[in-house]
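Residue numbers (the numbering used here): 1 to 281.
Think of the CB as a built atom: it goes at the ideal place given N, C-alpha and C, for glycine as much as any other residue.
See below for the structure under consideration.
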Ligand code: AMP
Ligand code: MN
Ligand code: MN
Ligand code: MN
């Protein structure tokens with residue numbers, strides 16, 4: 001089993017990057033990727049820690065938020081050179097947009113009767129290179145205002161169309177694909193059927209447009225997918241000649257998905273890795 005989609009505390013996960021390989025090795029995973037949102041600041045510590053486990057393939061990655069005709073699309077880069085200047089500059093710009101958006105969320109929450117200080121522990125790691133997102137707000141709101149869980153906060157305040165939602169300026173998927181290639185990585189469409197409607201038609205439309213623009217693979221295995229979603233995506237990968245990826249989207253305590261096994265039924269087969277390595281730039 002492998003897991004090619006995880007987050008650490010440098011974005012919206014809760015474990016330090018160097019803890020992820022230890023957990024992966026304890027579960028005897030064959031490969032593990034760290035794919036924090038819009039930052040690669042955790043990659044060096046992650047790769048260094050992975051050296052203690054010679055049987056574990058450690059894949060440096062990143063997850064980039066993009067926008068395709070009003071839909072939020074996430075592109076994961078795997079096998080990236082995390083020191084590539086073009087990539088670093090691109091991610092730095094993404095985080096500037098996050099900061100702008102976060103400032104507006106702070107203000108909206110305050111006017112809705114939920115003031116938060118920028119000194120809340122959830123925001124303590126706030127720095128240029130780390131990536132603060134809505135889960136940090138959700139965790140602070142749970143702690144200070146007694147929401148049952150983060151899901152409730154997304155449902156009532158932070159989710160798309162809710163009163164404290166603020167749209168963030170993000171690039172076209174092709175810009176994310178391009179920058180991942182510039183950093184010698186493989187571009188994967190993450191959770192392609194995550195909260196979409198008319199999913200199969202949309203998946204095929206997206207593949208038709210972005211496979212020629214360099215999209216390398218589809219995330220066919222994911223915590224929230226059952227066999228029908230996985231089968232549909234494996235078929236699309238075959239039809240559009242794309243590689244196969246999969247992962248849990250582990251966020252530590254910020255989500256119920258477990259490393260490797262997701263909600264319990266996830267098992268990403270080892271041989272997906274070869275389909276990705278074949279597409280390395
Ligand atoms: P951001 O990138 O700051 O806009 O935050 C998006 C992140 O929030 C995602 O990567 C998920 O980790 C989390 N998220 C998005 N929607 C929900 C939801 N409905 N419930 C819980 N977490 C969510
Ligand atoms: Mn996240
Ligand atoms: Mn995502
Ligand atoms: Mn993710």
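It is roughly 17 Å from the alpha-carbon of residue 24 to the alpha-carbon of residue 265.
Counted as a single uninterrupted DSSP element, the beta strand (DSSP E) harbouring residue 73 occupies residues 71-78. Residue environment analysis places residue 233 among the buried positions, since at least 16 neighbouring C-beta atoms fall within 10 angstroms of its C-beta. Where residue 109 is concerned, the enclosing alpha helix (DSSP H) starts and stops at 85-111. The alpha-carbon separation between residue 194 and residue 188 amounts to approximately 14 Å.
Secondary structure at residue 166: coil, using DSSP grouped into helix, strand and coil. Counting C-beta atoms within 10 angstroms of its own C-beta, residue 255 has 16 or more neighbours from the protein chains shown and is therefore classed as buried.
In the DSSP annotation of this structure, the continuous segment of the beta strand (DSSP E) that includes residue 222 starts and ends at 217-222. With a cut-off of 8 Å on Cβ pairs, the region 17-31 is not in contact with the region 141-159, counting fewer than three such pairs. Note on geometry: alpha-carbon atoms of residue 16 and residue 9 lie some 5 Å from one another.
For residue 5, the CB stays at least 7 Å from every heavy atom of ligand 1. Rounded to whole angstroms, the separation of the alpha carbons of residue 7 and residue 221 is 17 Å. With contacts defined by Cβ atoms closer than 8 Å, residue 63 and residue 35 form a contacting pair. Taking the CA atoms as reference points, residue 49 sits about 15 Å from residue 40.
Boundaries around residue 244 are those of the beta strand (DSSP E), 243-247, since no alpha helix (DSSP H) includes it. For residue 31, the enclosing beta strand (DSSP E) begins and ends at 31-34. Residue state for residue 39 is assigned as coil, using DSSP reduced to three classes. With 5 Å as the limit, the residues whose C-beta approaches a heavy atom of ligand 4 more closely than that are 63, 249, in chain order.
When only Cα atoms are considered, residue 88 and residue 170 end up about 16 Å apart. Taking non-hydrogen atoms of ligand 2 into account, the C-beta of residue 252 is found less than 7 Å away from none of them. Taking non-hydrogen atoms of ligand 3 into account, the C-beta of residue 191 is found less than 7 Å away from one of them. Fewer than three beta-carbon pairs drawn from the region 204-224 and the region 102-114 are found closer than 8 Å, and the two stretches are therefore not classed as touching. DSSP lists 71 as the beta-bridge partner residues of residue 68.
In the DSSP assignment, residue 267 falls outside any beta strand (DSSP E), carrying neither H nor E.
Between ligand 3 and the CB of residue 184, the shortest heavy atom gap is not smaller than 7 Å.
For residue 188, the enclosing beta strand (DSSP E) begins and ends at 186-189. Looking at the DSSP output, residue 250 bridges to 6. By alpha-carbon distance to residue 192, the top candidate from 42, 157, 68, 56 is 68.
The beta carbon of residue 74 sits closer than 7 Å to at least one heavy atom of ligand 3. In the DSSP assignment, no residue is bridged to residue 193.
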